[in-house]
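Below you'll find the structure, written out as structure tokens, and then a few comments.
In this note's numbering, the protein residues as written are 2 to 96.
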């Protein structure tokens, strides 16, 4: 397989990984409700991306590092909103 094809596939995978968190993040932001989001799942996902970033730095695999750092930022955003909107959802449930 040519290096160009491998780079195209890797770039497409990185874009998909990074943008896969956008729909969930946008939905939470618009609705100010993250009650349907699993805290454990996103916490584990953030830990996973942290480990991938560390691995990428340790091995100097910069495409891995950059792609996973971007995905880490997106997943962390969802996790932050899960924390941020937790009180709003609890208040709405008790109203």
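Just so it is clear, CB atoms sit at the ideal spot from N, CA and C, and this is done for glycine as well.
Whole-angstrom distance between residue 2 and residue 75, CA atom to CA atom: For the purposes of this step, residue 75 is identified with residue 74 of the chain shown, where counting begins at 1. For the purposes of this step, residue 2 is identified with residue 1 of the chain shown, where counting begins at 1. Going by C-alpha positions, residue 75 is about 31 Å away from residue 2.
Would you mind stating whether residue 44 and residue 73 have Cβ atoms separated by less than 8 Å? Position 43 of the chain shown, counted from the first residue, corresponds to residue 44. Position 72 of the chain shown, counted from the first residue, corresponds to residue 73. Cβ atoms of residue 44 and residue 73: not closer than 8 Å.
Would you mind stating whether residue 29 and residue 38 have Cβ atoms separated by less than 8 Å? Working through the chain shown from its first residue, we reach residue 29 at position 28. Working through the chain shown from its first residue, we reach residue 38 at position 37. In this structure, residue 29 sits near residue 38, with a CB-CB distance shorter than 8 Å.
Do you know how far the Cα of residue 64 is from the Cα of residue 6? For the purposes of this step, residue 6 is taken as residue 5 along the chain shown, with counting starting at 1. For the purposes of this step, residue 64 is taken as residue 63 along the chain shown, with counting starting at 1. Approximately 15 Å between the Cα atoms of the pair.
4 or more residues per run - each alpha helix (DSSP H) lying fully within the stretch 19–85: The stretch 19–85 contains these whole alpha helix (DSSP H) runs: 23–32, 40–60, 63–85.
Integer Cβ distance of residue 9 from residue 68, believed to fall under 8 Å: Position 8 of the chain shown, counted from the start, is the residue given in the question as residue 9. Position 67 of the chain shown, counted from the start, is the residue given in the question as residue 68. With a beta-carbon spacing of about 14 Å, residue 9 and residue 68 fall beyond the 8 Å limit used to define contacts.
Cut-off 7 Å between Cβ atoms - residues of its own chain near residue 40, not counting five sequence neighbours on either side: As a working mapping, residue 40 is identified with position 39 in the chain shown. Same-chain partners within the cutoff: 83.
Thinking C-beta only, is residue 58 closer than 8 Å to residue 66? Counting from 1 along the chain shown, the entry for residue 66 is found at position 65. Counting from 1 along the chain shown, the entry for residue 58 is found at position 57. In terms of Cβ geometry, residue 66 and residue 58 form a close pair [threshold 8 Å].
When you compare only the Cα positions, how much space is there between residue 17 and residue 25? Within the chain shown, the letter at position 16 stands for residue 17. Within the chain shown, the letter at position 24 stands for residue 25. Each residue's alpha carbon lies about 14 Å from the other.
Are the Cβ atoms of residue 35 and residue 86 separated by less than 8 Å? Residue numbering aside, residue 35 sits at position 34 when the chain shown is read from its first letter. Residue numbering aside, residue 86 sits at position 85 when the chain shown is read from its first letter. Cβ atoms of residue 35 and residue 86: closer than 8 Å.
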